[in-house]
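Participant: Residue numbers (the numbering used here), protein chains in the order written: chain E, 179 to 698; chain U, 161 to 650.
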């Protein structure tokens with residue numbers, strides 16, 4: 179029995195038998211999952227009018243989760259192992275396991291979920307079907323927690339598919355023909371990608387047996403005769419994951435899924451979906467194949483080319499988009515691939531750059547999307563060309579937007595600069611000088627599609643009327659629930675850059691991961 | 161405990177008699193009979209779990225003379241599903257038929273069908289099986305025509321004739337077996353049948369007859385009209401249970417008495433037909449304009465998946481690989497049973513609310529009745545094979561065995577079927593987001609909404625936790641790992 183649940187020699191550190199769920203070490207990851215799942219299920223039953231009850235459930239879940247995550251950060255920092263196992267059939271286990279990389283993603287998602295939830299409560303103030311919306315919103319975050327905490331590929335895949343399911347109703351939420359078309363396309367892309375990930379996972383399971391995620395990977399011990407299959411499996415897995423990670427040419431769903439309400443865009447771009455794809459790529463490279471082994475198979479060189487192409491292509495497409503959200507969507511396509519690029523360069527410094535961008539891109543992009551939502555909700559602005567002089571009408575929002583945009587370009591001391599610094603340094607250390615060229619080009623392109631927006635917003639004269647101004651009656655430029663979340667995340671983006679060297683900063687945490695991944 | 165076996169058949173027959181004799185008490189007697197029967201069915205499962213396989217020679221007459229019943233792990237697992245689903249259908253039907261006053265006709269036929277189902281799964285000889293098949297076919301077709309519409313009568317008359325053709329073909333095979341080997345008892349036959357023309361001919365006839373009843377592509381033509389025209393609770397029983405009984409018998413006979421005659425190439429033929437069913441059924445489901453027709457075509461596809469296991473079973477020797485195939489097959493069959501029954505029940509519910517089941521116009525009804533819509537969604541999750549449904553793990557085991565046995569082309573079939581299933585499922589679900597005005601508020605009925613929800617939730621959530629006990633129930637080696645390449649690295 180024990181030999182079954184705990185494959186010998188695969189798990190480092192303490193291992194908890196299936197029955198030991200009462201153990202705190204096993205309980206914590208499960209609780210983190212349930213802290214959004216249970217409120218979410220209850221929210222489905224909440225009457226449409228019960229605003230206060232729904233908000234209480236939402237915020238209770240989010241804050242409780244944040245506390246649990248705090249405990250987990252502390253524990254993982256001190257080398258604790260949190261793990262829960264549920265055998266499904268012999269050889270197939272659901273494993274929740276918190277390592278440093280999980281904690282990075284869990285923390286990011288939990289924090290941004292709290293912010294996005296506050297924002298969403300304000301944003302959806304008077305729209306229909308809110309219980310359905312927040313129910314699925316919570317399910318999404320629960321699925322993301324599962325993805326982050328998954329201890330093996332099967333568990334990852336399980337939650338990865340549930341994420342697809344739970345996001346579909348959010349993209350379709352408005353129910354217009356356009357929303358339904360967007361949702362359908364989203365589903366077509368992510369279902370096909372998901373199916374590939376499932377098949378790759380099963381194939382790997384057959385070739386390598388049941389394997390858990392282990393720092394530094396586990397496949398390098400396989401005989402050379404199976405390397406051909408391993409290469410094919412890697413291609414299948416990365417193609418599948420590349421759909422959610424929006425690798426070119428699999429990115430087509432992302433700009434179209436923009437029809438969803440702003441809090442959903444935040445979820446897709448910063449908190450959950452795109453991140454889930456990028457996170458999966460990190461898991462496969464670092465904790466299944468092992469970065470050195472993957473490089474020795476020639477897999478990373480191929481991936482780095484795809485990532486670089488995505489970075490440039492996304493930026494080029496963003497240049498010509500007039501729709502603000504669509505421009506931001508293409509910017510996501512480009513920026514998320516920094517993560518894949520960092521992962522495809524061997525060396526701890528590039529790894530740090532890729533890992534830390536998981537967080538940095540998240541806080542900067544959520545700022546941008548929430549600001550875009552504010553413009554749309556307050557003034558009816560949807561296009562870049564309508565943004566003339568908006569900085570005077572909505573200074574706080576525009577300030578937050580500017581921080582996000584400058585961060586994306588890579589201005590110090592905003593978080594994006596730290597990413598680019600580490601990626602560049604990592605590339606030089608690894609001798610991949612061409613990456614510098616990609617970074618430079620991408621920075622130029624980023625500036626070319628962000629700076630004109632800032633110029634318009636701050637320096638062009640304000641038009642007489644806004645496309646569709648809503649009077650919210652407060653003393654701020656817009657509703658407080660809409661205003662403060664992006665301002666807060668903009669502040670976070672600055673702090674993450676400014677105090678990059680402080681303990682528990684994203685950079686320090688990424689460094690911890692890199693140390694463990696390279697056994698330093 | 162062995163007496164439980166006969167009770168599981170006798171009690172519903174008794175119930176059928178009583179509901180006929182006491183039409184005024186039909187509802188109470190019928191529900192009571194349903195409750196007692198399903199309790200007995202579950203008791204059989206429990207008894208097998210605690211004691212291992214059961215065997216009963218009715219009246220003390222051993223084979224080859226008497227009527228023998230038998231229940232092993234696979235029987236027990238499926239019996240549990242059959243009896244739980246049947247109980248759900250019974251509760252639903254008591255609400256569904258309330259207004260139309262058809263309950264009086266429903267109960268006797270339905271309990272008879274239930275008895276034949278329990279009997280078919282437990283029969284230990286070929287002739288017994290024939291009798292249960294006949295009873296099943298007659299009661300199923302009559303139930304299907306209960307709606308009384310012209311389309312329903314025509315479709316179910318055809319269903320009846322096809323069923324008769326199937327059982328006659330089967331009977332011909334049985335006669336051949338009896339002349340050649342002098343017994344019909346399954347265990348004795350397993351010892352006596354050897355490879356040869358007689359055995360092969362019998363196998364072909366028996367299989368063809370059952371395949372017709374199991375709606376194996378291209379013999380599925382009768383299923384979609386019959387299942388979609390029947391009243392919802394009956395469709396649920398036909399699609400989730402009756403079809404499965406026919407497949408179960410094929411599996412039993414192939415792995416048991418006819419094991420010596422079956423060949424890998426024969427299994428591959430069935431696998432290919434199954435693949436045809438997966439693709440064609442899913443495609444037609446995608447094109448279907450009515451929800452119940454979609455559900456019916458999806459049954460054709462789901463039965464196809466079950467047949468995909470045969471070519472792999474044929475080349476996998478006893479051991480961990482075979483264990484995982486058996487478990488995967490059982491998981492697929494169980495989750496389809498729960499999910500499809502729930503889907504038909506929920507579809508019937510929406511149909512009653514909306515007055516029709518045209519998918520494109522279901523939006524308002526779907527939005528107004530979230531419980532039924534949610535049941536459809538859960539059923540969809542299981543039909544597509546998304547996690548955490550039982551189908552997901554069933555397909556997982558199917559695919560991993562396809563890789564392990566080198567038959568990777570089945571993976572392509574599964575992939576195609578899965579994507580098509582996702583398309584037809586979400587085609588329905590996306591209607592629930594439409595913004596069309598809701599015309600009127602129809603009252604919801606807990607009796608009809610709860611069974612659909614419970615059954616589909618079982619398929620999606622509960623089976624995840626039941627997969628391991630199922631493994632034990634099937635008597636599979638718990639320490640066996642999953643199949644890997646020879647000399648798999650750990």
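Glycine residues also receive a C-beta, built at the ideal position from the N, C-alpha and C atoms.
Counting contacts by CB-CB distance shorter than 9 Å, is residue 351 of chain E in contact with chain U?
Facilitator: As a working note, residue 351 of chain E is residue 173 in the first chain. Judged by the 9 Å Cβ criterion, residue 351 of chain E is in contact with chain U.
Participant: Below 8 Å on the Cβ atoms is my contact criterion, and I expect residue 659 of chain E with residue 299 of chain E to pass it. Report the Cβ-Cβ distance as a whole number of Å.
Facilitator: The residue given as residue 659 of chain E occupies position 481 in the first chain. The residue given as residue 299 of chain E occupies position 121 in the first chain. With 8 Å as the limit, residue 659 of chain E and residue 299 of chain E qualify as a contact, their Cβ atoms being about 6 Å apart.
Participant: Which of helix, strand or coil does DSSP assign to residue 275 of chain E?
Facilitator: In the first chain, the residue the question calls residue 275 of chain E occupies position 97. Note: residue 275 of chain E maps to strand in three-state DSSP.
Participant: Work out the CA separation of residue 674 of chain E and residue 681 of chain E for me, nearest whole Å.
Facilitator: Taking the first chain and counting its residues from 1, the one referred to as residue 681 of chain E is at position 503. Taking the first chain and counting its residues from 1, the one referred to as residue 674 of chain E is at position 496. Approximately 11 Å, taken between the alpha carbons.
Participant: Could you list which residues in chain E have their beta carbon closer than 7 Å to that of residue 546 of chain U, in chain order?
Facilitator: The residue labelled residue 546 of chain U in the question sits at position 386 within the second chain. Within 7 Å Cβ-Cβ: 339, 343.
Participant: Does the segment 475-491 of chain U come close enough to the segment 442-462 of chain U that 3 or more CB-CB pairs lie under 8 Å?
Facilitator: Because the criterion of three Cβ pairs below 8 Å is not met, the segment 442-462 of chain U and the segment 475-491 of chain U do not touch.
Participant: Name the residues in the segment 263-278 of chain E whose C-beta lies less than 7 Å from a C-beta of chain U; which are they?
Facilitator: Listed by position, the residues of the segment 263-278 of chain E near chain U (Cβ gap below 7 Å) are 265, 266, 267, 268, 269, 270.
Participant: Ordered along the chain, which non-local residues of its own chain (more than five positions away) have a Cβ less than 8 Å from that of residue 690 of chain E?
Facilitator: Walking along the first chain from the start, residue 690 of chain E turns up at place 512. Closer than 8 Å at the Cβ level, and outside the excluded window around residue 690 of chain E, lie 255, 278.
Participant: Do residue 494 of chain U and residue 360 of chain U have their CB atoms nearer than 9 Å?
Facilitator: Counting from 1 along the second chain, the entry for residue 494 of chain U is found at position 334. Counting from 1 along the second chain, the entry for residue 360 of chain U is found at position 200. The answer is no: Cβ separation not under 9 Å.
Participant: One question on the structure: do residue 268 of chain U and residue 177 of chain U come within less than 9 Å of each other, judged by their Cβ atoms?
Facilitator: Position 108 of the second chain, counted from the first residue, corresponds to residue 268 of chain U. Position 17 of the second chain, counted from the first residue, corresponds to residue 177 of chain U. In this structure, residue 177 of chain U lies closer than 9 Å to residue 268 of chain U by Cβ.
Participant: Rounded to whole angstroms, what is the Cα-Cα separation between residue 523 of chain U and residue 596 of chain U?
Facilitator: Taking the first residue of the second chain as position 1, residue 523 of chain U is located at position 363. Taking the first residue of the second chain as position 1, residue 596 of chain U is located at position 436. Each residue's alpha carbon lies about 7 Å from the other.
Participant: Using the beta-carbon of each residue, which ones in chain E are nearer than 8 Å to residue 582 of chain U?
Facilitator: Within the second chain, the letter at position 422 stands for residue 582 of chain U. Going along chain E in sequence order, the residues near residue 582 of chain U (Cβ under 8 Å) are 365, 369.
Participant: Identify every residue that forms a DSSP beta bridge with residue 308 of chain U.
Facilitator: Walking along the second chain from the start, residue 308 of chain U turns up at place 148. Partner(s): none; residue 308 of chain U has no beta bridge.
Participant: Does the segment 230-247 of chain U come into contact with the segment 200-209 of chain U, if we say contact requires no fewer than three beta-carbon pairs (one atom in each stretch) closer than 8 Å?
Facilitator: The segment 230-247 of chain U is in contact with the segment 200-209 of chain U.
Participant: By the criterion of Cβ-Cβ separation under 8 Å, what are the contact partners of residue 380 of chain E in chain U?
Facilitator: As a first step, residue 380 of chain E must be located in the first chain, where it is residue number 202. Simply 556, 559, 560, 563.
Participant: Kindly give me the distance between the Cβ atoms of residue 467 of chain E and residue 397 of chain E, rounded to whole angstroms, as I take these residues to be in contact under 8 Å.
Facilitator: Taking the first residue of the first chain as position 1, residue 467 of chain E is located at position 289. Taking the first residue of the first chain as position 1, residue 397 of chain E is located at position 219. Their Cβ separation, rounded to whole angstroms, is 5 Å, which keeps residue 467 of chain E and residue 397 of chain E in contact under 8 Å.
Participant: Does the segment 253-262 of chain U touch the segment 601-615 of chain U, meaning 3 or more C-beta pairs lie closer than 8 Å?
Facilitator: With a cut-off of 8 Å, the segment 253-262 of chain U and the segment 601-615 of chain U count as touching, because enough Cβ pairs lie within range.
Participant: Would you mind telling me which residues of chain U sit closer than 9 Å to residue 322 of chain E, beta carbon to beta carbon, in chain order?
Facilitator: The count along the first chain starts at 1 and reaches residue 322 of chain E at position 144. In chain order: nothing, as chain U lies at least about 15 Å away.
Participant: Starting from residue 260 of chain E and walking both ways along the alpha helix (DSSP H), at which residues does that stretch end?
Facilitator: Locating residue 260 of chain E in the first chain gives position 82, where the first residue counts as 1. Looking at the DSSP string, residue 260 of chain E is not in any alpha helix (DSSP H); the run it does join, the beta strand (DSSP E), is 260-267.
Participant: Which class does residue 518 of chain U belong to by DSSP, given the choice of helix, strand or coil?
Facilitator: Counted from its first residue, the second chain places residue 518 of chain U at position 358. In this structure, residue 518 of chain U counts as strand in the three-state DSSP scheme.
Participant: Kindly indicate if chain E contains any beta-carbon less than 9 Å away from that of residue 612 of chain U.
Facilitator: Taking the second chain and counting its residues from 1, the one referred to as residue 612 of chain U is at position 452. By this cut-off, residue 612 of chain U is not an interface position.
Participant: So the candidates are U:447, U:557, U:465; which of them puts its Cα closest to the Cα of residue 587 of chain U?
Facilitator: As a first step, residue 587 of chain U must be located in the second chain, where it is residue number 427. Selected option, being the one with the closest Cα: U:447.
Participant: Given residue 696 of chain E, which residues of its chain have a CB within under 6 Å of its CB, disregarding the five upstream and five downstream residues?
Facilitator: Here residue 696 of chain E refers to the residue found at position 518 of the first chain. Within the same chain, residue 696 of chain E has close Cβ partners 526.
Participant: Could you tell me how far apart the beta carbons of residue 576 of chain E and residue 569 of chain E are, in whole angstroms, since I believe they sit closer than 8 Å?
Facilitator: Locating residue 576 of chain E in the first chain gives position 398, where the first residue counts as 1. Locating residue 569 of chain E in the first chain gives position 391, where the first residue counts as 1. So it is a contact: roughly 4 Å between Cβ atoms.
Participant: So residue 291 of chain E and residue 319 of chain E are supposed to be a Cβ contact under 8 Å. How far apart are they, rounded?
Facilitator: Sequence index remark: in the first chain, residue 291 of chain E carries index 113 (1-based). Sequence index remark: in the first chain, residue 319 of chain E carries index 141 (1-based). The Cβ separation is near 5 Å, so the contact holds.
Participant: Span of the beta strand (DSSP E) holding residue 448 of chain U?
Facilitator: Mapped onto the second chain, residue 448 of chain U falls at position 288. Careful: residue 448 of chain U lies outside any beta strand (DSSP E) and carries neither H nor E.
Participant: Can you give me the start and stop residues for the beta strand (DSSP E) that residue 230 of chain U sits inside?
Facilitator: As a working note, residue 230 of chain U is residue 70 in the second chain. Its beta strand (DSSP E) spans residues 228-231.
Participant: In the DSSP assignment, find the unbroken alpha helix (DSSP H) run with residue 355 of chain U in it and report its ends.
Facilitator: Stepping through the second chain from its first residue, residue 355 of chain U is reached at position 195. Looking at the DSSP string, residue 355 of chain U is not in any alpha helix (DSSP H), and its letter there is neither H nor E.
Participant: So, does the CB of residue 524 of chain U fall closer than 9 Å to a CB anywhere in chain E?
Facilitator: Mapped onto the second chain, residue 524 of chain U falls at position 364. No, residue 524 of chain U does not count as interfacial toward chain E.
Participant: Are the beta-carbon atoms of residue 468 of chain U and residue 476 of chain U separated by less than 9 Å?
Facilitator: In the second chain, the residue the question calls residue 468 of chain U occupies position 308. In the second chain, the residue the question calls residue 476 of chain U occupies position 316. No, the pair does not count as a contact, with Cβ atoms beyond the cut-off.
Participant: Is residue 280 of chain U near residue 405 of chain U, with beta carbons less than 9 Å apart?
Facilitator: For the purposes of this step, residue 280 of chain U is taken as residue 120 along the second chain, with counting starting at 1. For the purposes of this step, residue 405 of chain U is taken as residue 245 along the second chain, with counting starting at 1. Result yes, Cβ atoms of residue 280 of chain U and residue 405 of chain U sit closer than 9 Å.
Participant: Which full runs of the beta strand (DSSP E) of 3+ residues lie inside the segment 594-681 of chain E, going along the chain?
Facilitator: DSSP runs (the beta strand (DSSP E)) wholly in the segment 594-681 of chain E: none.
Participant: Taking the CB atoms as reference points, tell me whether residue 597 of chain E and residue 538 of chain E lie closer together than 9 Å.
Facilitator: Residue mapping note: residue 597 of chain E aligns to position 419 of the first chain, counting from 1. Residue mapping note: residue 538 of chain E aligns to position 360 of the first chain, counting from 1. Yes; because the gap between Cβ atoms is below 9 Å, this pair is in contact.
Participant: So, under 8 Å CB-CB, residue 489 of chain E and residue 519 of chain E are touching, yes? Tell me the CB distance rounded to an integer number of Å.
Facilitator: Locating residue 489 of chain E in the first chain gives position 311, where the first residue counts as 1. Locating residue 519 of chain E in the first chain gives position 341, where the first residue counts as 1. That pair is a contact at about 7 Å.
Participant: Buried or exposed: residue 362 of chain E, going by 16 or more other Cβ atoms within 10 Å of its Cβ?
Facilitator: One-based indexing of the first chain puts residue 362 of chain E at position 184. Buried, by the Cβ-count rule.
Participant: Would you mind telling me which residues of chain U sit closer than 7 Å to residue 373 of chain E, beta carbon to beta carbon, in chain order?
Facilitator: Within the first chain, the letter at position 195 stands for residue 373 of chain E. What residue 373 of chain E touches in chain U: 575, 578, 579.
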